[in-house]
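Scroll down for the structure; my scribbles are underneath it.
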Amino acid sequence: MKNSEIQALSESEIIERIAAEQEKLTKLRFAHAISPIENPNRISETRKLIARLKTFLTAKQLAK
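Residue numbers for the sequence shown follow full-length UniProt numbering, beginning at 1 and rising by one.
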């Protein structure tokens, strides 16, 4: 997800997206613990996306 796409989202959409990505990250970690996943870089990509979403959410909340 690109920064321009994140910027276009509303606060509630960002919050929903954060929750979905955190759930995805949990599932990836469990899958990787059981047997190595095909692309372990997806774990770090998901973590970074969550951080980016949280940053944009904070920026929107401070802009109010």
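Ideal Cβ positions, reconstructed from N, Cα and C, are used throughout, including at glycine.
Open item on the list: For histidine 32, which residues in the same chain have their Cβ closer than 7 Å to its Cβ, ignoring the five residues on either side in sequence?
Closed with: Pro40 and Ile43
TODO: Taking 8 Å as the cut-off, decide whether the C-beta atoms of arginine 47 and leucine 25 are in contact.
DONE: yes
- [ ] With a 10 Å radius around its C-beta and 16 neighbouring C-beta atoms as the bar for buried, classify glutamate 23 as buried or exposed.
- [x] exposed
- [ ] Taking isoleucine 43 as part of the alpha helix (DSSP H), name the residues at either end of that continuous run.
- [x] 41–63
- [ ] Work out the CA separation of glutamate 38 and proline 57 for me, nearest whole Å.
- [x] The question names proline, yet the displayed sequence has leucine at residue 57. So the two alpha carbons sit approximately 31 Å from each other.
- [ ] Mark glutamate 21 as exposed unless 16 or more other C-beta atoms lie within 10 angstroms of its C-beta, in which case mark it buried.
- [x] buried
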